[in-house]
Amino acid sequence: MTDGMVEADAEMRTFCEGVGELILWASAIDAQLTKAVIRACSLTETPMLEPIVAELDARAKVGILRARSKHIENAAWSKGITRWLTKAEKVNGYRNTVAHHQVAANDGKLILHSAQARKLLKSIKDSKSA
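First residue of the sequence shown? That's 14 in the working numbering, and the numbers climb one at a time after it.
Shown next, in the form of C-alpha cells:
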C-alpha cells in the first residue's frame, strides 16, 4: 500500500465512524421520541404499543409532539420541548443526508453525492449527445 492509499483508507474509516455514530444517535433520539409520543398522547400501555409507535416516521412523531407542546401551560416546559424537537429534527435530517447518499472520492477528498442526481445528469448528457 502506498502512503496515499493508507491516508485514503484512514480518511474513509474516520468518515464511516462518524456516519455510524450519527446513525446511532439518531436511533437513540427516535427511541426517545417514541416514548414521548406514548406519554404525551396518554396511550394505554399494551405489549405491541411501542413497536407500533416506533414505526412512525420521526417527522410524524415530531409533529405530534410539537402540536401537543402548544397545550402545555408552563412556558419553560413548552419551550424546552420545542428546542428538543428542533434538535431532533436536525439530527434526523443529517442522518437522512448521510444514509441516502453515496460516498465518493473527489480529488482525494471524500464527498457525499446522490445517485439519483448522477443518473439524472447522465441522462441529460446522453440526451444532448444523441
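Beta carbons are placed, not taken as given, at the ideal position from N, Cα and C, and that holds for glycine.
In DSSP terms, what residue i is bridged to
i       : result
Gln-115 : His-126
Best match in the options for proximity to residue i [C-alpha to C-alpha]
i       : options                               : result
Met-25  : Val-116, Lys-132, Ser-127 and Asp-120 : Val-116
Ser-82  : Ala-67, Thr-110, Val-50 and Ser-127   : Val-50
Glu-20  : Leu-123, Ile-137, Ser-136 and Lys-138 : Leu-123
Asn-105 : Phe-28, Leu-37 and Glu-68             : Leu-37
Ile-149 : Lys-138, Val-32, Ala-53 and Ala-44    : With the chain running from 14 to 143 in the structure shown, residue 149 is simply not present.
Asp-70  : Leu-56, Ala-44, Glu-58 and Ala-80     : Ala-44
Val-32  : Asp-120, Ile-137 and Val-111          : Val-111
For residue i, three-class secondary structure by DSSP
i       : result
Cys-29  : helix
Glu-86  : coil
Pro-60  : coil
Leu-144 : Residue 144 is absent from the structure shown; the chain starts at 14 and stops at 143.
Asp-139 : helix
Asp-120 : coil
Ser-55  : coil
Alpha-carbon to alpha-carbon, residue j and residue i
i       : j       : result
Arg-96  : Ile-85  : 14 Å
Asp-22  : Ser-40  : 27 Å
Val-75  : Ser-140 : 42 Å
Ile-42  : Ser-142 : 48 Å
Leu-98  : Leu-78  : 8 Å
Leu-46  : Ser-127 : 28 Å
Asp-72  : Glu-102 : Looking at the sequence itself, residue 72 is Arg, so the reference to Asp does not match. Going from the Cα of Arg-72 to the Cα of Glu-102 covers about 7 Å.
Arg-108 : Glu-30  : 13 Å
Pro-60  : Leu-125 : 40 Å
Glu-34  : Thr-27  : 11 Å
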